[in-house]
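One structure below.
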Amino acid sequence: MKKLLTICLLIATACTATAQQLSSGIYTVSISKLTYSDVPGMFGNNFPGKQIKGIFTIKKGGVQTASQEFTYLQLFETSATLHLNFDETSSNALTYDFDTKKFEIEDYEYKAKKTKTKEDLILSGVLVYAQWLDEE
Numbered sequence: 002m003k004k005l006l007t008i009c010l011l012i013a014t015a016c017t018a019t020a021q022q023l024s025s026g027i028y029t030v031s032i033s034k035l036t037y038s039d040v041p042g043m044f045g046n047n048f049p050g051k052q053i054k055g056i057f058t059i060k061k062g063g064v065q066t067a068s069q070e071f072t073y074l075q076l077f078e079t080s081a082t083l084h085l086n087f088d089e090t091s092s093n094a095l096t097y098d099f100d101t102k103k104f105e106i107e108d109y110e111y112k113a114k115k116t117k118t119k120e121d122l123i124l125s126g127v128l129v130y131a132q133w134l135d136e137e
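Quick note: the sequence shown uses my numbering, first residue 2, plus one each step.
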């Protein structure tokens with residue numbers, strides 16, 4: 002019985018530690034090492050905020066071009082912000098609008114590829130970021 006329980010725990014741990022990924026064209030993005038936390042309502046807002054932190058990786062044509070930390074923060078029902086660290090001291094922020102299903106970064110708007118879960122939104126945001134970097 003102990004062996005069975007141990008095996009089940011190992012499988013569950015392996016499943017939660019597996020990176021999630023999304024591809025489009027020459028880009029493949031992934032997220033891993035996710036941690037979840039609640040954020041109390043702010044500014045008189047009763048909406049229970051959510052925060053997800055982890056590592057994002059961008060591959061272009063199979064070659065890794067970036068791997069840094071990210072923070073997804075949703076304080077309101079209608080929008081969320083995705084902060085992607087560029088290096089140790091700076092980050093870029095994308096804002097997601099749940100009504101339009103679009104990300105905005107520096108006055109550019111991009112349609113999200115997947116929106117079913119928060120993890121899908123993060124992957125879509127990283128993909129938007131990768132494409133935006135190439136356009137800059």
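Glycine included, C-beta positions come from ideal geometry on N, C-alpha and C. No experiment lies behind these values; they were computed from the predicted model shown.
Expressed to the nearest angstrom, what Euclidean distance is found between the alpha-carbon atoms of Q52 and D108?
24 Å
For the 8 Å Cβ check, are there 3 or more pairs between the segment 93 to 108 and the segment 56 to 64?
no
Which residues does DSSP list as the beta-bridge partners of Q52?
S38, L74
Does DSSP classify A15 as helix, strand or coil?
Its pLDDT being 40, under 50, A15 is placed unreliably in this model, and the coordinates cannot settle the point.
Exposure of S38, with buried meaning 16 or more beta-carbon neighbours within 10 Å
exposed
Hey, how far is the Cα of S31 from the Cα of N86?
15 Å
Using 10 angstroms around the beta-carbon of S24, count the other beta-carbons present and answer buried if the total reaches 16, otherwise exposed.
exposed
Please state whether DSSP places I27 in a helix, a strand or coil.
coil
Below 8 Å on the Cβ atoms is my guess for F71 versus I123; work out the distance and round it to an integer in Å.
7 Å
Under a Cβ-count criterion, where at least 16 other Cβ atoms within 10 Å of its own Cβ denotes burial, should I126 be classed as buried or exposed?
Looking at the sequence itself, residue 126 is Gly, so the reference to Ile does not match. Buried, by the Cβ-count rule.
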